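Trainee: Residue numbers (our numbering): 1408 to 1805. Virtual Cβ for every residue (Gly too), placed ideally from N, Cα, C. Just so we're clear, the structure is a prediction, and the values are computed from it rather than from any experiment.
#1: For the alpha helix (DSSP H) containing residue 1469, list its first residue and its last residue.
#2: If I'm right that residue 1630 touches residue 1537 with Cβ under 8 Å, what's the distance once you round it to whole angstroms?
#3: Grab me the residues of residue 1513's own chain with a C-beta within less than 6 Å of its C-beta, minus the 5 sequence neighbours each way, in chain order.
#4: In its own chain, which residues sit with a C-beta less than 6 Å from the C-beta of residue 1364, not counting the 5 before and 5 after it?
#5: Under 7 Å Cβ to Cβ from residue 1509, same chain only, skipping five residues before and after it: list those, please.
#6: Residue 1796 and residue 1693: beta carbons closer than 7 Å?
#7: Tell me the residue span of the alpha helix (DSSP H) that contains residue 1763.
#8: If residue 1815 and residue 1551 are in contact, beta carbons under 8 Å, what's the gap, nearest whole angstrom?
#9: Is residue 1802 helix, strand or coil by DSSP?
#10: So, is residue 1619 buried or exposed, given that buried needs 16 or more other C-beta atoms within 10 angstroms?
#11: DSSP three-state label for residue 1687, please.
#12: My assumption, with CB atoms under 8 Å, is that residue 1472 sits in contact with residue 1526. Please give the rounded CB distance.
#13: Counting C-beta neighbours from all protein chains within 10 Å, is the total for residue 1444 16 or more, i.e. buried, or is it exposed?
#14: Closest to residue 1533 by CA distance: which of 1702, 1643, 1485 and 1704 is it?
#15: I believe residue 1823 touches residue 1442 by the beta-carbon criterion, under 8 Å. Please report the beta-carbon distance rounded to the nearest angstrom.
#16: Among 1545, 1604, 1500 and 1646, which has the Cα closest to the Cα of residue 1774?
#17: Using the Cβ count rule (16 or more neighbours within 10 Å means buried), how would you classify residue 1686?
#18: Whole angstroms are fine: how far does the CA of residue 1766 sit from the CA of residue 1585?
#19: With a threshold of 16 other CB atoms inside 10 Å of the CB of residue 1673, please say whether the residue is buried or exposed.
#20: So what's residue 1796 in DSSP terms, helix, strand or just coil?
#21: Using only CA atoms, which one of 1697, 1605 and 1628 lies nearest to residue 1495?
#22: Residue range of the alpha helix (DSSP H) that residue 1643 falls in?
#23: Quick check: the Cα distance between residue 1462 and residue 1542, rounded to an integer number of angstroms?
#24: Along the alpha helix (DSSP H) that carries residue 1670, what are the first and last residues, could you check?
#25: So the candidates are 1689, 1711, 1721 and 1712; which of them puts its Cα closest to the Cα of residue 1787?
#26: Cα separation between residue 1452 and residue 1468?
#27: Out of 1474, 1425, 1567 and 1591, point me to the one whose CA is closest to residue 1507's CA.
#28: Count the other C-beta atoms from every protein chain shown that fall within 10 angstroms of the C-beta of residue 1739, then say buried if there are 16 or more, exposed otherwise.
#29: Under a Cβ-count criterion, where at least 16 other Cβ atoms within 10 Å of its own Cβ denotes burial, should residue 1716 be classed as buried or exposed?
#30: If you drop the 5 nearest sequence neighbours on each side, which residues of the same chain put their C-beta closer than 6 Å to that of residue 1781?
#31: Specify the secondary structure class of residue 1623 as computed by DSSP and reduced to three states.
#32: Indicate the three-state DSSP secondary structure (helix, strand or coil) for residue 1513 in the structure shown.
#33: Short of 7 Å in beta carbon distance, which residues of its chain neighbour residue 1741, apart from the five on each side in sequence? Order them along the chain.
#34: Going residue by residue through the stretch 1544-1577, where are the continuous alpha helix (DSSP H) segments of at least 4 residues, counting only ones entirely within it?
#35: Residue 1636 to residue 1785, Cα distance in whole Å?
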């Protein structure tokens, strides 16, 4: 199949085939960002002695990345929105390369932490670009599928990349693993320059102020769904280990493997349906997610219920980010997608933090059995917003 990309700054023809090579390069960028963010979590016992700190402080390397990503997404996107898009993308990837190279050779915890903050800033910039970039590379009627291909990099990183990276570090050492990750980012720069088209930045007279983008029709509804779904999801996902033990199934690794494999199925189904039936697909995904929380609350201790519910949860949640981001870009327009997505990136990270906090409070106060009952109303609110906000979530793609 041809992988021809549109000329710089032009819209792709309606009949053009999907630019697979360019979309896969963006998907690999998403994979690299997630792996960069989460790899230290699997290497706590190996990194701590070498850097002379506790395992908890190695865990802060993940926290620092997330906080930097949260803080940088909106201001850096606003600062860079007038620049050509491909150099900004290349710059973010080079930032990953430098940061991971510094982590690979550093013997100072302070230097390592600083490098992680830089990587987090690059991550905030990258996440604000990827979906909008994919949307501009394809005709509007294929926008959802293109976004699904790019966001599949997240799913593959979570389900395969992090476990494989952790295993590789056990064989060749954690410094070598970060060095290879740095090399991957450098190779990706070449791939992006070769196969990802260049697009112009926003001209000064065409720039819509950030506050106006946030209030464009449909945007508040999409951001609300993002927030409530992420809070509800993280209530359960952050504390899946104690909940599995509560249900009488102590093999947390198996639970996470089932969830990760199911998310791959979910994003594949979404890629098939998102451009033709976006609203019914999202309603179905959120309804399934709510039903899973109800089943986990009522019967998680029944043999088989836990794993089946987790598999259905993975299918439902796997496709949700693609459906929500497609709705966001349809509402903002591809030309304002970077700014809109930077807002969503901030809300996304806020949802993760709020969900982890809410789940922790529920676990401390009422025990693991309260987690699905805490998550259920949050997911139900997200479903209710989709049901009411028909302008933000139309039955067919505009």
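Mentor: On the basis of the supplied data:
#1: Segment 1462-1487, the alpha helix (DSSP H) holding residue 1469.
#2: Not confirmed; about 18 Å, so no contact.
#3: Contacts found: 1519.
#4: Residue 1364 lies beyond the residue range present for the chain, which begins at 1408 and ends at 1805; the question has no answer from this structure.
#5: Counting only Cβ-Cβ distances below 7 Å, and skipping sequence neighbours, we find 1518 and 1522.
#6: Residue 1796 is not a Cβ neighbour of residue 1693, given a cutoff of 7 Å.
#7: Counted as a single uninterrupted DSSP element, the alpha helix (DSSP H) harbouring residue 1763 occupies residues 1744-1773.
#8: Outside the displayed span of the chain (1408 to 1805) sits residue 1815, for which this structure offers no information.
#9: Residue 1802 falls in the coil class under three-state DSSP.
#10: Looking at its Cβ environment, which holds fewer than 16 other Cβ atoms inside 10 Å, residue 1619 is exposed.
#11: Helix.
#12: With a Cβ gap of about 6 Å, residue 1472 and residue 1526 count as contacting.
#13: Counting Cβ neighbours within 10 Å, residue 1444 comes out buried, since at least 16 surround it.
#14: Comparing Cα positions, the closest option is 1485.
#15: Missing from the structure shown is residue 1823; the chain here goes from 1408 to 1805 and no further.
#16: Per the Cα distances, 1646.
#17: By the 10 Å Cβ count, residue 1686 comes out buried.
#18: If you take the alpha carbons of residue 1585 and residue 1766, they lie about 32 Å apart.
#19: Residue 1673 should be labelled buried.
#20: The DSSP-derived three-state label of residue 1796 is coil.
#21: Residue 1495 has its Cα closest to that of 1605, out of 1697, 1605 and 1628.
#22: Residue 1643 -> alpha helix (DSSP H) spans 1626-1644.
#23: The alpha-carbon atoms of residue 1462 and residue 1542 are separated by roughly 41 Å.
#24: For residue 1670, the enclosing alpha helix (DSSP H) has its first and last residue at 1659-1680.
#25: The option with the nearest alpha carbon to residue 1787 is 1689.
#26: For residue 1452 and residue 1468, the distance between alpha carbons rounds to 13 Å.
#27: Cα-wise, what sits closest to residue 1507 is 1591.
#28: The residue in question, residue 1739, is buried, as its Cβ has 16 or more Cβ neighbours within 10 Å.
#29: Note on residue 1716: 16 or more other CB atoms within 10 angstroms of its CB, so buried under the neighbour-count rule.
#30: The answer, listed in chain order, is 1642 and 1769.
#31: Residue 1623: coil per DSSP, three-state reduction.
#32: Residue 1513 carries a coil assignment under DSSP once its states are collapsed to helix, strand and coil.
#33: In its chain, beyond the 5 residues on either side, 1539, 1542 and 1543 have a beta carbon closer than 7 Å to the beta carbon of residue 1741.
#34: Runs of the alpha helix (DSSP H) inside the stretch 1544-1577: 1550-1563.
#35: Between residue 1636 and residue 1785, the C-alpha separation is close to 7 Å.
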